[in-house]
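Take the sequence shown: its position 69, counted from the start at 1, is 69 in our numbering, and no numbers get skipped. To start, the structure under review is shown below, and the notes come after it.
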Amino acid sequence: MPRYDYVLFDADNTLFDFDRAEEEALRKTLEHYSLPVTRAVRERYLAINRDLWTRFDRGEVRREWLVVERFSALQRELGGNNVPEEMNHFYLSRLGEGAYLLPGAEALCRLLVPSCTLAIVTNGVAMAQRGRFHRSAVRDCFPFLFISEELGYQKPQREFFDEVLREMSIPDPGRAVVVGDSLAADILGAINAGLDSIWYNPGALPGRPDAAPTYEAHSYEQVASLILG
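Laid out in structure tokens, this is it:
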């Protein structure tokens with residue numbers, strides 16, 4: 001008998017190679033809008049985007065504003081005059097094409113499927129996340145896909161996970177576990193909701209005392225062992 005019957009997986013950088021998808025989508029966007037395609041520009045975009053998503057996780061800004069502001073801010077620095085709303089739509093369309101899984105992610109999912117019900121729980125933008133999920137090799141492993149933009153709540157809010165538990169009809173929250181790479185969103189969200197968690201931390205990053213996971217795993221093999229017991 002597995003330790004958990006329900007596994008709530010974060011998507012980006014837990015199962016999906018978001019960095020690769022993001023890099024390709026950004027390159028295509030910069031080229032399309034005649035902006036410099038250089039490492040310096042890419043690094044500046046990433047810094048702007050990372051700061052805005054950190055503010056989003058803290059509940060300081062709205063997603064709808066964030067996804068446009070990142071291109072507005074980039075153009076203020078580069079001197080571009082493209083419409084940021086159009087840039088964002090183009091970027092998300094390209095991002096939705098990048099259904100790249102991290103090495104070993106598909107094998108992990110298929111190992112768990114016979115024993116557990118799997119779900120994706122993500123704060124990503126619905127347009128991109130649905131496109132990537134439906135193009136992915138693991139779409140048949142996940143009967144549930146929960147996106148904060150569609151639920152009206154975001155990780156780490158307790159309400160996000162309350163909705164997930166309700167829609168999945170999970171009778172005993174103790175039989176569910178959250179697996180993710182983000183302490184601020186996934187692990188703190190699990191704590192807020194009273195759920196067990198596995199911090200997927202392949203880079204052995206330092207932890208946070210206010211977001212201590214139930215377990216920490218440095219590989220997919222460890223994740224599987226913790227879930228299946």
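Each residue gets a CB set at the ideal place from its N, CA and C atoms; glycine is no exception.
Spatial neighbours of Asp17 in its own chain (CB-CB distance under 7 Å, excluding positions within 5 residues in sequence) are listed in chain order as Tyr100, Leu101, Leu102. Taken through DSSP and simplified to helix, strand or coil, Ile227 comes out as helix. The Cβ atoms of Val113 and Cys141 sit closer than 8 Å to each other.
Bridge pairing for Phe146: Val121 [DSSP].
Where Ile191 is concerned, the enclosing alpha helix (DSSP H) starts and stops at 188-193. The alpha-carbon of Gly98 is positioned some 24 Å away from that of Arg62. Taking C-beta separations shorter than 8 Å and ignoring five residues to either side along the sequence, the partners of Trp199 in its chain run Gly180, Asp181, Leu183, Asp186, Ile187, Gly207, Pro213, Tyr215, Glu216, Ala217, following chain order.
Counting only residues of its own chain and dropping the five nearest sequence neighbours on each side, Leu151 has a CB closer than 7 Å to the CB of Phe160, Glu163.
Beta bridge pairing from DSSP links Gly180 with Trp199. For Phe71, no pairing in a beta bridge is given by DSSP.
Taken through DSSP and simplified to helix, strand or coil, Tyr100 comes out as coil. Inside the stretch 6-53, DSSP marks whole beta strand (DSSP E) runs of 3 or more residues at positions 6-9, from first to last along the chain.
For Arg42, the closest C-alpha among the options Arg20, Val223, Cys109, Ile227 is that of Arg20. In the DSSP assignment, the residues bridged to Glu216 are Trp199. By the Cβ test, the stretch 32-49 is in contact with the stretch 69-81, since at least three Cβ pairs between them sit closer than 8 Å. A straight line joining the alpha-carbon of Val223 with that of Leu8 spans about 12 Å. Taken through DSSP and simplified to helix, strand or coil, Leu205 comes out as coil. The alpha-carbon of Ala107 is positioned some 42 Å away from that of Asn82. Considering only Glu221, Lys155, Pro202, Glu22, the residue with the shortest C-alpha distance to Arg58 is Lys155.
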